[in-house]
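Asks: Let me give you the structure first, and then I'll get to my questions.
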Amino acid sequence: MTPLPIAAPLTIAIDGPAAAGKGTLAKRLAAHYGLPYLDTGLLYRAVGRLADEQGVDLDDAEAAGAVARALDAGAIDEAALRGREAGELASRVAAHPPVRAALEAFQRAFAADPRGAVLDGRDIGTVICPGARVKIFVTASAEVRARRRTDELAAKGRTVEYERILAEVRERDARDAGRAAAPLKPAADARLLDTSELDIETAFRAACAIVDQAPH
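Pasting the structure below:
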């Protein structure tokens, strides 16, 4: 009798630029499929914030790498790292190979959970989990992402200019896509999910369809 094939762990790699909706989708997918979830961007935000607080030159790759190697992932305060400023700090330190090398081991260990896992970031499908069963690249136009960010900040009572946020979104996109270490780009076998015209429920259903259609 031929044994039934053993299904590979359901590892879902979600990548994409800032404010495309990948974090929200990743959390929903993790809850829906009963999988552990890791927002890898928090690791880089924590390194960026710590480096800034310690007066480290954010353009100094080795100094930033030292901060990353000393990071206690269990002590990360997620609430304190949500915000545009922390995102900008993360983007700057994430360009450095020593920082990425220090954090990659933690991410790969998380992804190795025998149950599977959901990870979102900017190099999950290309670097961290190139063998993931499901890879989704979540994107949206820069204008839509800037409007989302502007509305989010306005809802928190902050006065922001859409044009300034749009310029920052484009600058961060260029920095993330142009860096030498793990540039932001879709994996060759990733499914593209453009959320520009989608609400969260429609985007979630589309993401579930991608997962459900993936080979087991």
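In my numbering, the protein residues as written are 43 to 258. Each residue gets a CB set at the ideal place from its N, CA and C atoms; glycine is no exception.
1) Whole angstroms is fine: what's the gap from LEU52's alpha carbon to ALA136's?
2) Ordered along the chain, which non-local residues of its own chain (more than five positions away) have a Cβ less than 6 Å from that of LEU92?
3) Mind reading off the beta-carbon distance from TYR204 to ALA219? Whole number of angstroms is fine, and I expect it under 8 Å.
4) Put LEU113 into one of helix, strand or coil per three-state DSSP.
5) Consult DSSP for GLY107 and reduce its assignment to one of helix, strand or coil.
6) Just the Cα atoms here: how many angstroms apart are ALA232 and THR66?
7) For SER133, count neighbouring Cβ atoms within 10 angstroms of its own Cβ and tell me buried if that reaches 16, exposed if not.
8) For the alpha helix (DSSP H) containing ILE207, name the first residue and the last one.
9) Please report the distance separating the alpha-carbon of ASP57 from that of GLY97.
10) Pairs of beta-carbons, one from the stretch 172-183 and one from the stretch 226-242, closer than 8 Å: are there three or more?
Replies: Taking the geometry as given:
1) In the sequence shown, residue 52 corresponds to position 10, counting from 1. In the sequence shown, residue 136 corresponds to position 94, counting from 1. Approximately 27 Å between the Cα atoms of the pair.
2) Against the sequence shown, residue 92 aligns to sequence position 50. Cβ within range, chain order: VAL109.
3) The residue you call residue 204 lines up with position 162 of the sequence shown. The residue you call residue 219 lines up with position 177 of the sequence shown. With 8 Å as the limit, TYR204 and ALA219 do not qualify as a contact, their Cβ atoms being about 22 Å apart.
4) On the sequence shown, residue 113 is found 71 positions in, with the first residue counted as 1. In this structure, LEU113 counts as coil in the three-state DSSP scheme.
5) Start at 1 with the first residue of the sequence shown, and residue 107 comes out as number 65. Of the three classes helix, strand and coil, the one that applies to GLY107 here is helix, per DSSP.
6) The residue given as residue 232 occupies position 190 in the sequence shown. The residue given as residue 66 occupies position 24 in the sequence shown. When rounded, the distance between both Cα atoms is 18 Å.
7) As a working mapping, residue 133 is identified with position 91 in the sequence shown. With 16 or more Cβ atoms within 10 Å of its Cβ, SER133 is classed as buried.
8) Looking up residue 207 in the sequence shown gives position 165. Counting along the chain, the alpha helix (DSSP H) containing ILE207 begins and ends at 204-220.
9) Mapped onto the sequence shown, residue 57 falls at position 15. Mapped onto the sequence shown, residue 97 falls at position 55. Their backbone Cα atoms lie some 30 Å apart in a straight line.
10) yes
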